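Data block below; observations after.
Numbering (the working numbering), first residue to last: 119 to 332.
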């Protein structure tokens, strides 16, 4: 299960201020800047959406401090064994994840109906097909996200700028097994440095579906 903090940052000016704060902090270490391309799929009956489940392919170009660029291709299914819950800035959801090969990724993007043919190669796909009464799969949503990652007090801080066709959202995410303790630590840091924030009330995918940012 994935457990993470999700704090909404109100605007671009605050987002830039937060990046500067971590970049100039003696307690923080820059890890990478990730350019993410996110693709979501469902069948013609929208059965995943109706079950509050998502199937996503993500292409990531990760640039480290040394300017080395690493490409990552990941398949993720969320909500399969535990439906998502986002409450008071803490998100919990069941997650299955697997790295996939470049040629397979490209084929799934350009021809989503090919996805079932990979069920013997990737363990996430049989889990996906179990949720679908038909395999007429298509690309339903996509968006891009810029994620800047820092190590701070043994935490991995992810600061996101998400580009939708209808606007831009800014968010801080921290994945941790003890979210309540981590939440107090991060909230204290943000308040001490005059960084306004609120608890996220919707996932990035939820924003995409709704056509607005919360």
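In this text, a Cβ means the ideal position worked out from N, Cα and C, and glycines have one as well. This one's a predicted model, so the numbers in the text were calculated from it and none came from an experiment.
May I ask you to report which of helix, strand or coil DSSP gives residue i?
i: residue 176; result: strand
i: residue 243; result: helix
i: residue 326; result: helix
i: residue 160; result: strand
i: residue 309; result: helix
i: residue 218; result: coil
i: residue 167; result: helix
i: residue 276; result: strand
i: residue 205; result: strand
i: residue 224; result: helix
i: residue 232; result: helix
Taking the C-alpha atoms as reference points, what is the distance between residue i and residue j?
i: residue 239; j: residue 209; result: 30 Å
i: residue 211; j: residue 174; result: 14 Å
i: residue 260; j: residue 317; result: 24 Å
i: residue 178; j: residue 193; result: 11 Å
i: residue 183; j: residue 150; result: 6 Å
i: residue 162; j: residue 263; result: 26 Å
i: residue 335; j: residue 307; result: Nothing about residue 335 can be read from this structure; the chain reaches only from 119 to 332.
i: residue 126; j: residue 247; result: 34 Å
i: residue 224; j: residue 157; result: 11 Å
Count the other CB atoms within 10 Å of the CB of residue i; is the residue buried (16 or more) or exposed (fewer)?
i: residue 251; result: exposed
i: residue 292; result: buried
i: residue 328; result: exposed
i: residue 332; result: exposed
i: residue 285; result: exposed
i: residue 119; result: exposed
i: residue 290; result: buried
i: residue 231; result: exposed
i: residue 152; result: buried
i: residue 229; result: exposed
In terms of residue numbering, what span does the beta strand (DSSP E) encompassing residue i cover?
i: residue 263; result: 255 to 270
i: residue 210; result: 208 to 211
i: residue 195; result: 187 to 196
i: residue 289; result: 285 to 293
i: residue 127; result: 120 to 127
What residue range is occupied by the uninterrupted alpha helix (DSSP H) comprising residue i?
i: residue 249; result: First-last for residue 249: undefined, no H or E at that position.
i: residue 136; result: 130 to 141
Does any residue of chain D have a CB that is nearer than 7 Å to the CB of residue i?
i: residue 228; result: In the displayed structure, chain D is absent; only one protein chain is listed.
Is the stretch 164 to 179 close to the stretch 272 to 279, with three or more CB pairs under 8 Å?
-> Under the 8 Å Cβ criterion, the stretch 164 to 179 does not count as touching the stretch 272 to 279, having fewer than three qualifying pairs.
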